[in-house]
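Report on the following structure.
Residue numbers (UniProt numbering): 1 to 384.
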């Protein structure tokens with residue numbers, strides 16, 4: 001067991017504890033949180049006096065391990081752009097856990113990521129949620145599948161317009177998605193009958209969406225694309241999370257009424273796309289004010305994964321969110337969006353022992369993650 005004591009503990013959900021202690025159990029869980037310095041016999045003690053103890057950050061939208069820009073095109077496995085609808089493609093079969101981005105994530109205090117297909121297809125495939133420490137993908141994954149990637153807007157229509165096939169417009173994109181869900185609904189009904197159809201892997205995945213087992217994770221920047229996706233969600237009675245939501249402030253009240261969560265960002269992206277022209281540092285805060293469950297992403301490798309805390313800091317100090325709200329954007333809020341708030345996203349007894357000891361407040365540029373723990377084990381140590 002490990003006792004981290006004497007630091008400023010940012011629990012996220014239960015206030016700040018000055019000079020408190022956190023006991024990490026051998027089972028990978030937080031065994032106890034103490035409000036003051038506590039001596040526990042027979043444990044390894046880490047002195048965190050003058051430092052900050054923070055829950056591991058959660059990046060709820062990345063392509064970590066699937067798109068390795070260091071090796072060029074050969075490392076790009078995020079888009080199977082041979083068909084606009086590829087639900088059966090699985091991120092689990094493509095993640096390279098030796099991608100240097102995993103070490104960068106740990107150095108940036110990120111212990112859990114959602115990673116999956118890109119936005120080249122209307123339906124890109126299945127994503128996963130995983131811890132950032134380990135050497136075998138099957139042991140690192142905590143949700144599989146965690147969602148089904150869909151995309152609207154510029155990307156899929158650009159890809160398939162160059163191939164002279166559907167979709168080449170926003171209308172065509174919506175048609176492809178509706179048609180796939182409609183076929184899956186018919187498949188589901190036939191599967192329950194006396195003469196079930198031959199197993200169709202694409203349809204099986206879409207049935208998980210129809211059964212509300214997993215959400216659609218929709219890449220949408222423009223406000224009208226978000227409303228279209230919410231419309232389709234309502235038509236089929238499915239779950240949905242909006243990714244990027246660059247223009248979401250325009251329809252924030254509609255999204256709040258619809259109960260749709262938004263993972264915003266990347267806030268530091270400077271791509272020249274028309275649909276991202278309204279990008280703003282205050283988007284997360286305005287969404288939160290409107291009642292939308294909001295998180296911040298890096299979209300790694302669009303911006304480096306270790307930039308997550310920098311994005312949150314900018315949202316705090318330049319975007320009006322303040323430190324506590326911005327911290328929630330990269331901890332408990334993405335945990336809630338993923339349905340993992342009982343395991344990650346805050347420091348509390350019984351949760352996964354994913355903690356980071358920072359030299360100073362994590363939003364301070366000069367602060368460094370000195371030690372990162374994943375499942376109670378030291379996974380990163382500065383200068384080690």
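In this text, a Cβ means the ideal position worked out from N, Cα and C, and glycines have one as well.
Bear in mind that the values here come from a model prediction, so they are computed numbers and not experimental data.
CB-CB length for residue i against residue j, believed under 8 Å
i	j	result
residue 266	residue 311	7 Å
residue 62	residue 229	Not really, about 21 Å apart at Cβ, beyond 8 Å.
residue 210	residue 181	7 Å
residue 257	residue 238	Not quite, the Cβ-Cβ distance comes to about 17 Å (not below 8 Å), so this is no contact.
residue 282	residue 319	4 Å
residue 306	residue 99	Actually they do not touch by this definition, with Cβ atoms about 13 Å apart.
Three-state class that DSSP yields for residue i in the structure shown
i	result
residue 207	helix
residue 158	helix
residue 229	helix
residue 5	strand
residue 239	coil
residue 102	helix
residue 71	helix
residue 279	coil
residue 107	helix
residue 244	strand
residue 63	coil
residue 267	coil
residue 18	strand
residue 223	helix
residue 352	strand
residue 78	coil
residue 145	strand
residue 91	helix
residue 151	strand
residue 261	strand
residue 249	helix
residue 12	coil
residue 58	strand
Residues near residue i in its chain [Cβ-Cβ closer than 7 Å; skip 5 each side]
i	result
residue 367	358, 359, 360 and 361
residue 378	371
residue 28	352, 353, 375 and 376
residue 49	6 and 7
residue 32	23 and 349
Contact under 9 Å by Cβ, residue i with residue j
i	j	result
residue 109	residue 308	yes
residue 118	residue 222	no
residue 348	residue 13	yes
residue 316	residue 326	yes
residue 4	residue 53	yes
residue 102	residue 65	yes
residue 217	residue 203	no
residue 151	residue 172	no
residue 224	residue 170	yes
residue 87	residue 331	no
residue 290	residue 253	yes
residue 385	residue 133	The requested residue 385 is not part of the displayed model; the chain covers only 1 to 384.
residue 145	residue 120	no
residue 127	residue 147	yes
residue 249	residue 280	yes
residue 97	residue 137	yes
residue 149	residue 193	no
8 Å CB neighbourhood of residue i in its chain, flanking five on each side removed
i	result
residue 294	261, 262, 263, 264, 284, 287, 288, 329 and 333
residue 44	1, 2 and 3
residue 191	197 and 207
residue 269	276, 279, 299, 302 and 303
residue 227	251 and 254
Range covered by the alpha helix (DSSP H) that runs through residue i
i	result
residue 188	170-191
residue 336	332-338
residue 138	137-140
residue 316	308-317
residue 55	Unbroken run through residue 55 is the beta strand (DSSP E), 52-55; no alpha helix (DSSP H).
residue 258	252-258
residue 329	323-329
Residue-level contact to chain C via CB, residue i, 9 Å cutoff
i	result
residue 372	Looking at the structure shown, chain C is missing, and only one protein chain is on hand.
Residues of its chain near residue i, where Cβ-Cβ distance is below 6 Å and the 5 sequence neighbours each way are ignored
i	result
residue 17	9 and 35
residue 38	21
residue 94	66 and 77
residue 276	221 and 246
residue 161	168
N- and C-terminal bounds of the beta strand (DSSP E) containing residue i
i	result
residue 48	Premise fails: residue 48 is in no beta strand (DSSP E) and is neither H nor E.
residue 297	Residue 297 -> no beta strand (DSSP E), and no H or E assigned at all.
residue 374	369-374
residue 163	Neither: residue 163 is in no beta strand (DSSP E) and is coded neither H nor E.
residue 129	123-131
residue 33	30-34
residue 377	377-381
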